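Working notes, beginning with the structure itself.
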Amino acid sequence: MKIGVITFPGTLDDVDAVRAARYADAEAVSLWHADSDLHGVDAVIVPGGFSYGDYLRCGAIARFAPVMSSVIDAAKGGMPVLGICNGFQILCEAGLLPGALVRNKKLHFVCRDQWLRVENNSTAWTSRYEAGAEVLIPLKSGEGGYVADQSTLDQLEGEGRVVFRYVGENPNGSRDDIAGVCSANGRVVGLMPHPEHAIDALTGPSDDGLGMFYSAVDSLISA
Amino acid sequence: MARVVVDVMPKPEILDPQGQAVAGALPRLGFTGVTSVRQGKHFELEVDDSVDDETLAKIAEGFLANPVIEEWIVRRIS
């Protein structure tokens, strides 16, 4: 079971994402932004950081990297893809997920351990969670406010495509407290908080994030 | 050669905390009477004669602006 992790110029969290994949008993494969070859991976993680310095808009330039053309094609074929933080922004820019991420409502960069509620446990990345489970995952972002037009929000709610919601005070002004969403087929998931930083109580606030990576492995085995 | 300007602004319904922060600072600097500020981006492109309006529209819509959150205007100024 191979999970690819993309590195762009300015990516920060690829190493932790690789570690998380290994914790879930997957083989982690490093993918380079300039190489369109996905090297036979079964799933892809687009990790966090500041790809291309966040120039223009977060994710706007990374979205056109050679590797992303292959990821977009693979996602359309049903490959599980997870975008974390900057990766979520990239997947939105790429059109694999609806909506966009904008500057936090109060402008401050937010860095804290954040409770989330699992709203949809039928995606390729959340099947290990109980529906309605609350998980503690680090959030660290300056442009994490999720926005979409009202018809898109209504559609996401109606189709159960809000995957995670912030519990307690909304940290960034996201519409409807949305922390993560998924594609119509539930294979592509994006979220602002960082499950790869919460896979071991030694190095994170919990190991609540590990379930996302185990879920992907489960979905690949059952596929 | 021609100069093209592309102005990109957040849609009216999108919260613009940067513009709000600028608006909030003005009274502290002694400037009163500014009731609202919105902040956007201004691009200046030098293009040769092979770049037609259709191409410019694609550049603006597909890259310089994000249609989910932004509006844009493309102008040839010379």
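So the sequence lines, in the order shown, correspond to chains D and B. Per my numbering: the first sequence ends with 230, consecutive numbering throughout. Per my numbering: the second sequence ends with 112, consecutive numbering throughout. We treat Cβ as the ideally placed atom computed from N, Cα and C, and that holds for glycine. For clarity, every value in this text was computed on a predicted model and none was experimentally measured.
- Distance between G151/D and V224/D, taken at the CA atoms: about 27 Å.
- In the structure shown, the three-state DSSP call for L45/D is coil.
- Contiguous alpha helix (DSSP H) elements confined to the stretch 76–145 of chain D occur at 93–100, taking only those with 4 or more residues.
- For the options L146/D, A131/D, D44/D and D156/D, the alpha carbon positioned closest to that of W122/D is the one of L146/D.
- With distances taken between CA atoms, A35/D lies nearest to F220/D out of F220/D, S226/D, I228/D and S213/D.
- Here H201/D is buried. Its C-beta has 16 or more other C-beta atoms within 10 Å.
- Under DSSP, L198/D shares a beta bridge with I91/D and G187/D.
- Within 8 Å of the CB of R29/D, no CB atom of chain B is found; the nearest one sits about 35 Å away.
- Under the Cβ distance rule, K113/D counts among the residues neighbouring chain B, one pair being separated by less than 8 Å.
- The continuous alpha helix (DSSP H) containing Y221/D extends over residues L217 to S229.
- Under the criterion of beta carbons closer than 8 Å, L45/D and S76/D do not qualify as touching, at roughly 10 Å.
- In the three-state reduction of the DSSP assignment, K9/D falls in the strand class.
- The C-alpha of D61/D lies about 10 Å from the C-alpha of Q96/D.
- Per DSSP, the unbroken beta strand (DSSP E) holding D41/B starts and ends at A36 to P44.
- Where Y153/D is concerned, the enclosing beta strand (DSSP E) starts and stops at G152 to V154.
- Boundaries of the beta strand (DSSP E) harbouring A35/D: E34 to W39, taken from the DSSP string.
- L90/B: member of the alpha helix (DSSP H) spanning D87 to I93, first to last residue.
- Only residues of its own chain outside the window of five on either side were considered, and among them V188 and C189 have a CB closer than 6 Å to the CB of R168/D, listed in chain order.
- Within the same chain, E150, G152 and V154 come within 7 Å of V109/D by CB-CB distance, once the 5 residues on both sides are set aside.
- One alpha carbon belongs to A140/D, the other to H76/B, and they sit about 45 Å apart.
- The residue among D161/D, R135/D and I68/D with its C-alpha nearest the C-alpha of I185/D is D161/D.
- At least one beta carbon of chain B lies nearer than 8 Å to the beta carbon of V109/D.
- Closest in C-alpha terms to V25/D, from the list R64/D, E203/D and S222/D, comes E203/D.
- When Cβ-Cβ separations below 8 Å define contact, F97/B makes contact with chain D.
- Against chain B, the beta carbon of R64/D has neighbours under 8 Å at N100, listed in chain order.
- Across the stretch 45–60 of chain B, CB contacts with chain D closer than 7 Å involve I48, L49, P51, Q52 and A55, in sequence order along the chain.
- Distance from the Cα of D21/D is smallest, within the candidate group M8/D, V53/D and D42/D, for V53/D.
- As far as DSSP is concerned, S58/D takes part in no beta bridge.
- With its beta carbon at least 8 Å from every one in chain B, A41/D lies outside the interface.
- In the structure shown, T159/D adopts helical secondary structure according to DSSP, grouped into three states.
- Nearest CB-CB separation between A72/D and chain B: not below the 8 Å threshold.
- For I103/B, the residues of chain D that pass the 7 Å Cβ criterion are A107, V109 and V154, in the order they occur in the chain.
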